[in-house]
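All remarks here apply to the structure that follows.
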Amino acid sequence: MSMQKPKSDKLTLNKLQKRLRREVGRAIADFNMIEDGDKVMCCLSGGKDSYTLLDILLNLQQHAPINFSIVAVNLDQKQPGFPEEVLPNYLNSLNIDYLIVEEDTYSIVKDKVPEGKTTCALCSRLRRGILYSTAKKLGATKIALGHHRDDIIETLLLNMFYGGKMKAMPAKLVSDDGQHMVIRPLAYSREKDIAKYANLKDFPIIPCNLCGSQENLQRKQMKAMLNQWDRQFPGRIESMFRATQNIVPSHMVDTSLFDFQSLTTQDQPFPDGDQAFDPPSLDYQAGIDESTDAEEQPSVVKLISL
């Protein structure tokens with residue numbers, strides 16, 4: 001017999017669902033992620049992010065002004081100890097279309113990757129290829145992944161620190177084979193909101209360490225750094241994410257994005273001109289997350305303490 005949730009938990013769940021639904025709806029609209037008649041293949045791993053993605057998409061499907069279908073797909077890679085009954089039981093309880101794809105990529109990876117080396121890169125390539133071919137078989141027009149705002153920022157920092165690129169994780173992209181449209185409807189959503197929502201919803205989470213592969217240490221360090229900043233400097237992460245939406249090519253140093261060689265002076269004001277000797281202006285209000293309620297907003301005084 002399941003225990004009743006406290007009233008406070010129900011209120012929190014309600015509030016989180018509204019916030020996530022609003023953020024996902026905004027991401028879908030901003031990037032034209034889902035169109036009328038789309039068949040969305042929602043990739044379900046058994047983790048908090050993909051469970052939340054499926055839950056919110058199903059919720060939006062009932063109220064959206066357009067018609068689209070959803071099919072949940074899980075790739076069972078035959079890792080030892082994988083509880084293969086968990087996802088079918090959950091998906092049957094939802095009474096939705098789903099497909100469990102069984103491919104023993106685990107054995108392939110273990111055979112090809114030397115002992116002690118991380119298996120993530122090869123595993124990811126194999127998984128991606130299988131998901132693409134599955135989408136083609138199903139006639140899916142969109143492939144939805146559960147990456148969120150924090151994943152996007154982590155990827156940006158990883159590329160800056162280790163790859164020498166100003167490159168994040170796109171909310172919408174065409175697959176590398178050119179045949180599929182991949183979308184990330186949780187692009188505007190915070191990981192801590194997703195984690196709290198998944199906990200309150202009691203999703204049957206499947207551990208992500210079944211393959212025994214070492215977690216990406218660099219990404220783990222980025223996540224730890226961002227979590228520390230979030231605790232110490234409320235609003236900083238929100239401001240960083242907004243920066244990915246406000247790129248000014250003329251104020252970077254990439255000659256492929258802005259024609260510096262042809263730049264000339266002129267008699268009238270220059271758009272996006274700069275006061276060369278002035279310090280950068282900091283709009284502290286820009287660091288405040290609009291998705292949180294007024295009583296949760298950090299004060300401007302705290303933000304100035306940057």
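Just so you know, full-length UniProt numbering puts 16 at position 16 of the sequence shown, and the rest follows in order with no gaps. Yeah, the Cβ is synthetic: ideal placement off N, Cα and C, and Gly gets one too. This structure is a prediction, so every number in the text was calculated from the model and none was measured.
| task | Look at the alpha carbon of Q221 and the alpha carbon of Q228, and state the distance between them as a whole number of angstroms. | result | For this step, residue 221 is matched to residue 221 along the sequence shown. For this step, residue 228 is matched to residue 228 along the sequence shown. Looking at the two C-alpha atoms, the distance is approximately 11 Å.
| query | Three-state secondary structure (DSSP) at Y98? | reply | Locating residue 98 in the sequence shown gives position 98, counting from the first residue. Looking at Y98 - three-state DSSP - the assignment turns out to be strand.
| query | L263 by DSSP, collapsed to three states: which one? | reply | Locating residue 263 in the sequence shown gives position 263, where the first residue counts as 1. Coil, per DSSP.
| Sequence-distant residues of the same chain with beta carbon closer than 6 Å to D38, five excluded per side | Position 38 of the sequence shown, counting from 1, holds the residue named residue 38. Cβ within range, chain order: F68, T141, K142.
| Proximity winner among P207, R242, S189, Q245, relative to Q17 (alpha-carbon distances) | In the sequence shown, residue 17 corresponds to position 17, counting from 1. For Q17, the nearest C-alpha among the options comes from S189.
| message | By the DSSP assignment, the beta strand (DSSP E) with C42 in it spans what residues? | response | Numbered from its first residue, the sequence shown carries residue 42 at position 42. Start and end: 39-43.
| request: Please classify residue 318: does DSSP put it in a helix, a strand, or coil? | output: Missing from the structure shown is residue 318; the chain here goes from 1 to 306 and no further.
| said: For L122 and T264, I'd like the C-alpha separation in whole angstroms. | reply: Stepping through the sequence shown from its first residue, residue 122 is reached at position 122. Stepping through the sequence shown from its first residue, residue 264 is reached at position 264. The alpha-carbon of L122 is positioned some 49 Å away from that of T264.
| message | Do L20 and D193 count as a contact pair if the criterion is CB distance below 8 Å? | response | Taking the sequence shown and counting its residues from 1, the one referred to as residue 193 is at position 193. Taking the sequence shown and counting its residues from 1, the one referred to as residue 20 is at position 20. Yes, Cβ-Cβ distance for D193 and L20 is below 8 Å.
| From the DSSP output, which residues share a beta bridge with L173? | Counted from its first residue, the sequence shown places residue 173 at position 173. Answer is V182, bridged to L173.
| request: To the nearest angstrom, report how far apart A135 and A144 are at their CA atoms. | output: Taking the sequence shown and counting its residues from 1, the one referred to as residue 135 is at position 135. Taking the sequence shown and counting its residues from 1, the one referred to as residue 144 is at position 144. Put simply, the backbone Cα of A135 is about 11 Å away from that of A144.
| task | Kindly indicate which residue of M252, I153, Y90, G129 has the alpha-carbon position closest to the one of S239. | result | For the purposes of this step, residue 239 is identified with residue 239 of the sequence shown, where counting begins at 1. Nearest to S239 by C-alpha distance, out of M252, I153, Y90, G129, is I153.
| query | For the stretch 176-189 against the stretch 41-54, are there 3 or more C-beta pairs whose distance is under 8 Å? | reply | Result yes; three or more Cβ-Cβ pairs closer than 8 Å.
| request: Express the C-alpha separation of V182 and K201 in angstroms, rounding to a whole number. | output: For this step, residue 201 is matched to residue 201 along the sequence shown. For this step, residue 182 is matched to residue 182 along the sequence shown. The alpha-carbon atoms of K201 and V182 are separated by roughly 26 Å.
| Is it buried or exposed for N74, if we count other Cβ within 10 angstroms and need 16 for buried? | Here residue 74 is taken as the residue at index 74 of the sequence shown, counted from 1. N74 is classed as buried because its beta carbon has at least 16 other beta carbons within 10 Å across all chains shown.
| request: Indicate whether at least one CB of chain D lies closer than 8 Å to the CB of F161. | output: Among the chains in the structure shown there is no chain D, since it carries only a single protein chain.
| Simplified DSSP state of A64, which is helix, strand or coil | Start at 1 with the first residue of the sequence shown, and residue 64 comes out as number 64. Correct three-state label for A64: coil.
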